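Participant: Before I ask anything, let me first share the structure, which is written out below as structure tokens.
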Amino acid sequence: MKAKIYASLAVVITGAVLLYAVTDFPNFGDPHSPANAGVKGGAPSASIYYIENTYRDTKVPNLVTAVLADYRGYDTMFETVVILTAGMAIFAILRVLRRDEDTEEAAPVDRSIDGDHHRIIVGITCRIAVPLIQIFALYVVAHGHHSPGGGFQGGVMLGASFILIALSGSLSDALARLGESSFIRLACIGIFIYAGFGFLPLLVDRNFLDYGALAGLLMTDGEEMARSHSMLGVEIGVAMTVMAVMFAIFANLSTRGRLQGGL
Amino acid sequence: MSDHFPALLLVAPLFGALIVGLAGMRDHRICLPVTLFALVVSLVSALGILLQVAGNGPLDYFVAGWKEPLGVGIQLRADAINSPLLVVIAVVAILAALFTVRPAGDRDTEKTPHFYILFLLLCVGLFGITITGDAFNVFVLIEVTALSSYGLIAIGSAKRCKVSAFHYLVMGTVGASFYLLGVGYLYLKVGSLNMRDIHQILASDPSLVDSRAIRTAFVFILVGIWTKMAFFPLHGWLANAYSYCPSGSACLLAPLVTKVSVYVMVRMMVSVFGLDHLEANVEWGHFVVWLAVIAIVAGSVKALAAREIKKMLCALIVAEVGYMVGGAWLGDPERWGLTGTVYHILADAVMTSCLFLAAGAFAKRLGAVKLEDLSGVFRKMPLTAAGFVVGGLAIIGVPPTCGFFSKFYLIRGGIESGQWVYVVALLGSSLVNAVLFFRLFEIAYFGKHPVESHGHGDDHGEGHEEEAPEVRIEAAPNALIPLLVAAAILVLLGIFNGPVVEFIRSGLIQSAPIVSAAG
Numbered sequence: 001m002k003a004k005i006y007a008s009l010a011v012v013i014t015g016a017v018l019l020y021a022v023t024d025f026p027n028f029g030d031p032h033s034p035a036n037a038g039v040k041g042g043a044p045s046a047s048i049y050y051i052e053n054t055y056r057d058t059k060v061p062n063l064v065t066a067v068l069a070d071y072r073g074y075d076t077m078f079e080t081v082v083i084l085t086a087g088m089a090i091f092a093i094l095r096v097l098r099r100d101e102d103t104e105e106a107a108p109v110d111r112s113i114d115g116d117h118h119r120i121i122v123g124i125t126c127r128i129a130v131p132l133i134q135i136f137a138l139y140v141v142a143h144g145h146h147s148p149g150g151g152f153q154g155g156v157m158l159g160a161s162f163i164l165i166a167l168s169g170s171l172s173d174a175l176a177r178l179g180e181s182s183f184i185r186l187a188c189i190g191i192f193i194y195a196g197f198g199f200l201p202l203l204v205d206r207n208f209l210d211y212g213a214l215a216g217l218l219m220t221d222g223e224e225m226a227r228s229h230s231m232l233g234v235e236i237g238v239a240m241t242v243m244a245v246m247f248a249i250f251a252n253l254s255t256r257g258r259l260q261g262g263l
Numbered sequence: 001m002s003d004h005f006p007a008l009l010l011v012a013p014l015f016g017a018l019i020v021g022l023a024g025m026r027d028h029r030i031c032l033p034v035t036l037f038a039l040v041v042s043l044v045s046a047l048g049i050l051l052q053v054a055g056n057g058p059l060d061y062f063v064a065g066w067k068e069p070l071g072v073g074i075q076l077r078a079d080a081i082n083s084p085l086l087v088v089i090a091v092v093a094i095l096a097a098l099f100t101v102r103p104a105g106d107r108d109t110e111k112t113p114h115f116y117i118l119f120l121l122l123c124v125g126l127f128g129i130t131i132t133g134d135a136f137n138v139f140v141l142i143e144v145t146a147l148s149s150y151g152l153i154a155i156g157s158a159k160r161c162k163v164s165a166f167h168y169l170v171m172g173t174v175g176a177s178f179y180l181l182g183v184g185y186l187y188l189k190v191g192s193l194n195m196r197d198i199h200q201i202l203a204s205d206p207s208l209v210d211s212r213a214i215r216t217a218f219v220f221i222l223v224g225i226w227t228k229m230a231f232f233p234l235h236g237w238l239a240n241a242y243s244y245c246p247s248g249s250a251c252l253l254a255p256l257v258t259k260v261s262v263y264v265m266v267r268m269m270v271s272v273f274g275l276d277h278l279e280a281n282v283e284w285g286h287f288v289v290w291l292a293v294i295a296i297v298a299g300s301v302k303a304l305a306a307r308e309i310k311k312m313l314c315a316l317i318v319a320e321v322g323y324m325v326g327g328a329w330l331g332d333p334e335r336w337g338l339t340g341t342v343y344h345i346l347a348d349a350v351m352t353s354c355l356f357l358a359a360g361a362f363a364k365r366l367g368a369v370k371l372e373d374l375s376g377v378f379r380k381m382p383l384t385a386a387g388f389v390v391g392g393l394a395i396i397g398v399p400p401t402c403g404f405f406s407k408f409y410l411i412r413g414g415i416e417s418g419q420w421v422y423v424v425a426l427l428g429s430s431l432v433n434a435v436l437f438f439r440l441f442e443i444a445y446f447g448k449h450p451v452e453s454h455g456h457g458d459d460h461g462e463g464h465e466e467e468a469p470e471v472r473i474e475a476a477p478n479a480l481i482p483l484l485v486a487a488a489i490l491v492l493l494g495i496f497n498g499p500v501v502e503f504i505r506s507g508l509i510q511s512a513p514i515v516s517a518a519g
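First to last, the protein sequences are chains A and B.
Once you know that position 181 of the first sequence is 181 in my numbering, the rest is easy, because the numbers rise by one and skip nothing.
Once you know that position 418 of the second sequence is 418 in my numbering, the rest is easy, because the numbers rise by one and skip nothing.
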């Protein structure tokens with residue numbers, strides 16, 4: 001009880017301090033706020049630069065993707081690494097690898113007889129829905145630099161489609177399509193693709209993640225198109241990692257790290 | 001390639017982690033060599049950066065080549081404050097990697113690849129936090145560091161590893177959120193995330209520094225970082241997390257994670273908000289010094305009360321964090337306190353590494369967990385014990401180890417700023433450390449019950465290979481060599497403190513010119 005009082009006190013104080021500072025903020029949506037226009041008398045802010053120059057620099061109409069995958073692509077690479085780290089940490093904590101404990105639950109729960117009757121509607125619906133979800137997810141990944149979307153969103157959809165298979169059928173169905181070794185591998189390959197796009201420019205003495213250097217390799221006319229194509233490349237890497245880690249976390253959590261039986 | 005050391009520094013351990021993930025799952029034997037190779041590449045890059053900074057001054061690296069205008073892309077920046085820390089991180093990580101031949105305890109060897117992936121990702125995070133020049137990028141890499149350290153703590157098979165990792169996770173998440181809130185508030189007012197850009201904007205408009213949002217931002221960033229470094233009232237997570245986790249993880253986490261957080265605080269104070277602005281606008285600086293004094297006292301008392309070796313070392317970390325935060329906030333005009341803090345970040349990283357390596361070696365060979373378990377250890381493991389003694393002397397602050405010199409600079413800062421309580425706390429804590437370690441040395445040298453202690457050894461034994469009571473059972477070379485290297489570095493860092501401190505001061509003066517006594 002005492003702990004609860006202290007905790008609520010801390011929360012109230014923190015909230016009060018945060019609100020106290022809010023009165024000092026620029027107005028919501030103010031085009032002249034520092035974040036939008038830069039401080040008064042100073043240089044224009046980065047947002048102005050992005051709005052004015054993104055298309056010239058990268059030939060990517062979606063500013064958000066360009067900022068995320070090119071101008072601040074270094075941050076995004078590490079955001080993807082955060083996802084890999086989370087997946088690996090969950091494996092390290094939950095996954096049960098010892099054989100002797102596996103035998104306890106060796107007999108998998110048999111759902112086929114009872115399950116089929118109850119799940120026929122759900123099963124058929126999901127069987128129709130999953131390919132559509134996956135195709136749409138691929139579109140979201142592939143079209144991320146032209147319209148809203150991108151690797152994170154598309155990856156989440158792909159991961160969700162596998163989780164849907166696991167929920168509507170059984171986890172072993174889903175694991176048969178995307179097994180343990182393949183999701184670790186996919187998660188690593190995803191970042192490998194991203195970091196690879198970053199590393200290749202170093203070989204021709206350009207800075208890390210400077211996609212413009214890949215113009216020759218990607219056979220594009222001009223560095224801008226190379227940036228555009230490389231963004232697609234790194235988005236694909238992000239999608240692979242996100243998909244694999246999403247499903248890996250689900251599979252580990254739902255089976256307490258045994259990756260069999262489960263829901 | 002030498003222009004790209006800042007990128008190579010991070011990319012090497014990142015690719016190392018991916019290679020372990022792709023190939024190490026099949027063949028566990030490649031995990032350790034890949035890890036070591038990646039870290040050696042990082043060490044070479046860190047040394048290269050250090051040499052370039054020493055030769056040509058601060059080194060800027062613009063990721064993806066987005067240079068103009070400042071703040072459009074992400075900037076990495078190495079100067080005299082962080083380039084020595086990069087080298088220390090690489091060295092301590094290599095020593096910890098050598099120590100981990102069977103990392104996750106005896107039973108969970110199948111998780112070896114997971115351990116090394118997290119190990120390397122933690123190094124990526126630490127290097128990244130240290131070298132970045134972007135306030136938001138710090139947050140992203142704090143996340144990488146935090147998530148991998150939760151994994152490294154919870155990978156131990158004991159249940160209490162998981163519980164302490166969960167406690168750490170809650171506190172760590174709160175700390176990271178506070179930091180992010182602070183950076184968000186800062187961004188709303190200045191419209192930039194680049195540290196140098198923020199500093200210039202704040203310097204150009206004094207009313208901005210005094211505004212409520214910026215003050216709140218500073219407080220939130222500070223409290224967030226304090227949680228991460230286990231500064232006094234926020235230190236609850238540290239003791240269990242670092243003492244219950246596997247020895248291999250402890251040797252990496254305990255020396256580096258808190259120290260890098262202290263570095264982030266120094267960086268925020270010196271290069272983002274600016275020391276002169278803080279001195280002009282922050283009225284509660286001396287409260288922080290008082291908090292630091294309480295941290296030092298609390299850590300020392302807890303260390304005196306501790307019955308287990310690692311618990312004692314963890315309590316000492318809390319006290320050492322108190323030294324460093326206090327030193328940074330002394331505000332003496334010549335900046336000796338801050339110099340002492342930056343030097344102590346380096347010194348304390350190596351000291352903690354040395355002591356945790358020794359504690360890990362004792363635990364592995366003797367199953368020594370409690371202080372009494374060390375009895376007679378000088379006879380059994382003379383070289384290991386010698387390494388432990390050097391680490392202990394450094395923590396106490398005996399010349400010529402580096403501990404003496406860092407305390408010297410901190411005390412000089414305390415005297416020049418007139419913060420006598422801090423000076424007294426520092427000296428008192430050194431006395432307590434002397435009592436602690438000489439008590440331990442006494443147990444270790446004159447210990448009367450070597451046979452009984454062996455009984456203990458069997459109870460807790462993590463890896464009991466050959467056990468002969470009367471024969472020398474020195475630690476395995478993979479534990480002994482890193483320990484002795486760490487001990488040697490402690491002495492070398494102490495002997496060559498002059499040039500190191502001069503180098504650090506050149507960086508501090510560049511980023512925050514010393515106010516002349518008259519002005």
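All residues carry an ideal CB built from backbone N, CA and C; glycine is no exception.
A quick note: this is a predicted structure, and the numbers were derived from the prediction, not measured.
Taking DSSP's pairing of strands, which residues face Val60(B) in a bridge?
Facilitator: Checking the displayed sequence, the identity of residue 60(B) turns out to be Asp instead of Val. According to DSSP, which records beta bridges pairwise, Asp60(B) is partnered with Arg77(B).
Participant: Should Leu256(B) go down as buried or exposed, given a rule of 16 or more other Cβ atoms within 10 Å for buried?
Facilitator: buried
Participant: Out of Pro6(B), Val270(B), His28(B), which has the shortest C-alpha to C-alpha gap to Glu110(B)?
Facilitator: His28(B)
Participant: Distance cutoff 9 angstroms, beta carbons only. Does Phe192(A) sit that close to anything in chain B?
Facilitator: yes
Participant: Can you grab the Cα-Cα spacing for the pair Gly337(B) / Val96(A), in whole Å?
Facilitator: 50 angstroms
Participant: Any beta carbon of chain B sitting closer than 9 angstroms to that of Ile184(A)?
Facilitator: Closer than 9 angstroms: yes.
Participant: Taking 9 angstroms as the threshold (beta carbon to beta carbon), is Met88(A) in contact with chain B?
Facilitator: yes
Participant: When the Cα atoms are used, what is the spatial distance from Phe91(A) to Ala146(B)?
Facilitator: 16 angstroms
Participant: Have a look at Ala142(A) and Phe208(A) and give me their C-alpha separation to the nearest angstrom.
Facilitator: 24 angstroms
Participant: Would Gly397(B) and Gly391(B) qualify as a contact pair, given that the criterion is a beta-carbon distance under 9 angstroms?
Facilitator: no
Participant: Taking only the alpha-carbon atoms, compute the straight-line gap between Ile415(B) and Val262(B) and give it to the nearest angstrom.
Facilitator: When rounded, the distance between both Cα atoms is 22 angstroms.
Participant: Tell me which residues of the segment 47–74 of chain A have at least one Cβ-Cβ distance to chain B shorter than 8 angstroms, keeping chain order.
Facilitator: Cβ contacts with chain B: Ser47, Tyr49, Tyr50, Asp70, Tyr71, Arg72, Gly73, Tyr74.
Participant: With a 10 Å radius around its C-beta and 16 neighbouring C-beta atoms as the bar for buried, classify Ile155(B) as buried or exposed.
Facilitator: buried
Participant: Rounded to a whole number of angstroms, what is the C-alpha to C-alpha distance between Met265(B) and Ile225(B)?
Facilitator: 7 angstroms
Participant: CB-CB under 6 angstroms to Ala468(B), same chain, minus the five flanking residues each way: which ones, in chain order?
Facilitator: Only weak support exists for where Ala468(B) lies, its pLDDT of 45 falling under 50; the value from the coordinates is given anyway. Cβ neighbours of Ala468(B) beyond the five flanking positions: none.
Participant: Excluding sequence positions up to five away, which residues of its chain have a Cβ less than 6 angstroms from the Cβ of Ala241(B)?
Facilitator: Ile153, Ser164, Tyr168
Participant: When every heavy atom of the ligand SAM is checked, does at least one fall within less than 8 angstroms of the C-beta of Ala7(A)?
Facilitator: With respect to the ligand SAM, the structure offers nothing, as it holds no ligand at all.
Participant: Determine the contact status of Leu234(B) and Gly175(B), defining contact as a CB-CB distance below 9 angstroms.
Facilitator: yes
Participant: How many angstroms separate the CA atom of Ala239(B) from the CA atom of Lys310(B)?
Facilitator: For Ala239(B) and Lys310(B), the gap between their C-alpha atoms comes out near 8 angstroms.
Participant: Classify Arg256(A) as buried or exposed, calling it buried when 16 or more other Cβ atoms lie within 10 Å of its own Cβ.
Facilitator: By the 16-neighbour rule on beta-carbons within 10 angstroms, Arg256(A) is exposed.
Participant: Return no unless some Cβ of chain A is closer than 9 angstroms to the Cβ of Phe15(B).
Facilitator: True, the Cβ-Cβ gap to chain A drops below 9 angstroms.
Participant: Put Asn523(B) into one of helix, strand or coil per three-state DSSP.
Facilitator: Past the boundaries of the shown model lies residue 523(B); chain B is included only from 1 to 519, so the question cannot be answered.
Participant: On the three-pair Cβ rule with 8 angstroms, is the segment 358–375 of chain B touching the segment 432–447 of chain B?
Facilitator: yes
Participant: Any idea what DSSP makes of Glu527(B), helix, strand or coil?
Facilitator: Residue 527(B) is absent from the model: chain B starts at 1 and stops at 519.
Participant: Does any CB atom of chain A fall closer than 9 angstroms to the CB of Val11(B)?
Facilitator: yes
Participant: Closer than 8 angstroms between beta carbons: that is the criterion. Which residues of the segment 157–184 of chain A meet it against chain B?
Facilitator: Ser181, Ile184
Participant: Are the segment 189–202 of chain A and the segment 240–248 of chain A in contact at 8 angstroms, needing three or more beta carbon pairs?
Facilitator: Flag = yes, the segment 189–202 of chain A and the segment 240–248 of chain A touch.
Participant: List, in chain order, every chain A residue whose beta-carbon is nearer than 7 angstroms to that of His114(B).
Facilitator: In chain order: Met88, Phe91, Ala92.
Participant: Once the 5 residues before and after Leu85(B) are set aside, which same chain residues still bring their CB inside 7 angstroms of it?
Facilitator: Thr130, Tyr263, Ile345, Leu346
Participant: Distance, Cα to Cα, Leu84(A) vs Val144(B)?
Facilitator: 9 angstroms
Participant: What does Lys370(B) pair with, by DSSP beta-bridge criteria?
Facilitator: Glu308(B)
Participant: What residue from Gly55(B), His4(B), Ala158(B) has the CA that sits closest to Leu202(A)'s CA?
Facilitator: His4(B)
Participant: Taking the straight line between their C-alpha atoms, what separation do you get for Glu104(A) and Glu235(A)?
Facilitator: Residue confidence is low: Glu104(A) scores 48 on pLDDT, short of 50, so the model does not pin down where it sits. No coordinate-derived value is stated.
Participant: Interface residues of chain B around Phe28(A) at Cβ under 9 angstroms?
Facilitator: Those within 9 angstroms of Phe28(A) in chain B number zero; the least Cβ separation is about 11 angstroms.
Participant: With which residues is Thr132(B) paired in a DSSP beta bridge?
Facilitator: Leu76(B)
Participant: Per DSSP, what kind of secondary structure is Arg439(B) in: helix, strand or coil?
Facilitator: helix
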